[in-house]
Structure formats: C-alpha cells, structure tokens
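J.: Here it is: the structure, laid out below.
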Amino acid sequence: MGALLSVQDLSSGYRHLKVLHDISLEIDAASLTAIIGPNGHGKSTLLKALAGLLPTWTGAVTFDGTPLPPAAPERARAGLTLVPQGDQLFMSMTVEENLLMGAFARSDRGAVRKTLEDVYSLFPRLRERRAQRANSLSGGERRMAGIGRGMMAAGKLMMIDEPSLGLAPLIIEQIYEALILLAKEGQSILVVEENPSRVAKIASRFHLMDGGTFAWSGSADELEQSSDVVKTYLGD
C-alpha cells in the first residue's frame, strides 16, 4: 500500500516571500507523524500549504493516490482536515453549532450525529457545555472544541497545529490522550509542535524543520538516539 499523503519537492510562501524549500514528505494511513522545530521556520506554513490555503509554487502533492486539487474546499472534501493554531471558533455560536460546522460537507445526517457522539465521548467537557457559547470556554476547552470540529469532518488525515500551545500541563496531557485514542482507532494525524517531548512517545515518525526545510527526519527510536541534533535546533 502506498502512502496516504505524498509530498514531493514542495515550495510555497506568502506573495513574494518563499518560506518552504523543496519539502518532501510521506505519511502512511493510520499513523501519527510529527513536525517539530523552532518557531518561525515554516511548520504552520507547511500545514497551510497542504490544506490549500497557500499556493503550491513548485512540487506535487498526492493524497490517497490522487493529485490534490489546489483549492482549500476541494482538499477538505478529499479528506484533508486542518485544525489551525488558535482554534478559530465562532465565539457567538454554541459549542455544538461550532462542532457541526466541521461537518458542512457531509450529507449523511445519521453519520454526522454518530461522529458528534464520538466527539462527546472523547471530550466529555464538550457534552457538558454543548449549549454554551464558545466565548465562555476555557483555553483547554476551546482546543478540545477545535479538535472535535476537525473530527466532525471525518477526514482521512487530520493536521493539528500546536495543540499544546498555551495550555496547562494537565490539559496538554488530556489533549494528547485523546490524540492517542484517535490514532489507535485508525485516524491518520499530522501534528506540529515546537517541543518534541510532547509527541516523543506517540508519534511514529518525526521531521525537524529549520529554515523552511527538513533538517532531519527519522523514527521515534532515531529521535531518541539523536538528542544532539534536536538540541542543536531547539536547545536543551
């Protein structure tokens, strides 16, 4: 079986500013892959480019064996889901309304309700707060809602941008416990984190980004054996 997502020599950026330089990446189905690296070196830009929010300047991206269309809505319909940094919820809408927005492209209402129950089972706090407006949620609850909305799309690959950013350690642990459960159930996940310790024990493959390209790539075991490389780019 081929890779679920295959990226070959991808370059992209903003207007005249090139940020990504010849990125190549493969993600298998039912895997959890992590992109780590210091802030400001292209990790979030890569997710935006894969989601179709930024143009592909050079290179090719195939998904489930098919070249991806350039537009973000078409990529979402193909099964590529982005959970952006900062959650970006609709603050005047309820928690449940925000979650259902993630299923905008799905027509099977029964399947949508089942996914909603899956979200509530994974994040019981969201069930308790489903009728509250999103602006009443804590930072951790908003992160749960962002991931839950990503689940509602029922995509083949969920890309999550820094799920631990700004959260207390206990909430981070709960978020990653949820991601582990999703991965065990067969959900393919691509997660971006600055700190590799957050994902060191759960990701099967790592890519260290520096200056818009991958400075190092390897398995979890190779990451453990390459602490000097990680320290060079991220510090102690």
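Per this note's numbering, the sequence shown starts with residue 583, numbered consecutively. Beta carbons are placed, not taken as given, at the ideal position from N, Cα and C, and that holds for glycine. Since this is a predicted model, take the numbers as computed values, not measurements.
Considering only their Cβ atoms, is the gap separating residue 784 from residue 758 smaller than 8 Å?
T.: On the sequence shown, position 176 is the one that residue 758 refers to. On the sequence shown, position 202 is the one that residue 784 refers to. Yes, Cβ-Cβ distance for residue 758 and residue 784 is below 8 Å.
J.: Going by the beta-carbon positions, is the gap between residue 736 and residue 688 smaller than 8 Å?
T.: Numbered from its first residue, the sequence shown carries residue 736 at position 154. Numbered from its first residue, the sequence shown carries residue 688 at position 106. Cβ atoms of residue 736 and residue 688: closer than 8 Å.
J.: Measure the C-alpha to C-alpha separation of residue 652 and residue 601 and round it to an integer number of angstroms.
T.: Here residue 652 corresponds to residue number 70 of the sequence shown, with the count starting at 1. Here residue 601 corresponds to residue number 19 of the sequence shown, with the count starting at 1. Taking the straight line joining both Cα atoms gives about 18 Å.
J.: If you reduce the DSSP assignment to three classes, tell me which class residue 591 lands in.
T.: Residue numbering aside, residue 591 sits at position 9 when the sequence shown is read from its first letter. Three-state result, residue 591: strand.
J.: Using a Cβ-Cβ cutoff of less than 8 Å, which residues in the same chain neighbour residue 591 once the five nearest sequence positions on both sides are dropped?
T.: Here residue 591 refers to the residue found at position 9 of the sequence shown. Counting only Cβ-Cβ distances below 8 Å, and skipping sequence neighbours, we find 604, 605, 606, 640, 641 and 642.
J.: Determine the closest residue to residue 634 out of 623, 587, 658 and 677, with distance taken between C-alpha atoms.
T.: As a working note, residue 634 is residue 52 in the sequence shown. Cα-wise, what sits closest to residue 634 is 658.
J.: Opposite residue 775 in the DSSP bridges: which residues?
T.: Within the sequence shown, numbered from 1, the residue matching residue 775 stands at position 193. Partner(s): 618.
J.: In the structure shown, what three-state DSSP assignment does residue 803 receive?
T.: Numbered from 1 along the sequence shown, position 221 holds the residue referred to as residue 803. It is helical.
J.: Just grab the DSSP bridge partners of residue 645 for me.
T.: Counting from 1 along the sequence shown, the entry for residue 645 is found at position 63. 587 and 648.
J.: Have a look at the DSSP bridge pairing and note the partners of residue 607.
T.: In the sequence shown, counting from the first residue as 1, residue 607 sits at position 25. Answer by DSSP bridge pairing, in chain order: 589.
J.: For the segment 743 to 751 against the segment 766 to 776, do three or more pairs of beta-carbon atoms, one drawn from each stretch, fall closer than 8 Å, so that the two count as touching?
T.: The segment 743 to 751 is in contact with the segment 766 to 776.
J.: Residue range of the alpha helix (DSSP H) that residue 662 falls in?
T.: Locating residue 662 in the sequence shown gives position 80, counting from the first residue. Per DSSP, residue 662 belongs to no alpha helix (DSSP H); it is in the beta strand (DSSP E), 662 to 665.
J.: Measure the CB-CB distance between residue 629 and residue 664 and report whether it falls below 8 Å.
T.: Mapped onto the sequence shown, residue 629 falls at position 47. Mapped onto the sequence shown, residue 664 falls at position 82. Against a cut-off of 8 Å, the Cβ pair of residue 664 and residue 629 comes out as a contact.
J.: Among residues of its own chain, excluding the 5 on either side of residue 624, which ones have a beta-carbon nearer than 6 Å to its beta-carbon?
T.: What you label residue 624 is simply residue 42 of the sequence shown in a count that begins at 1. Correct list, in chain order: 601, 602, 791 and 794.
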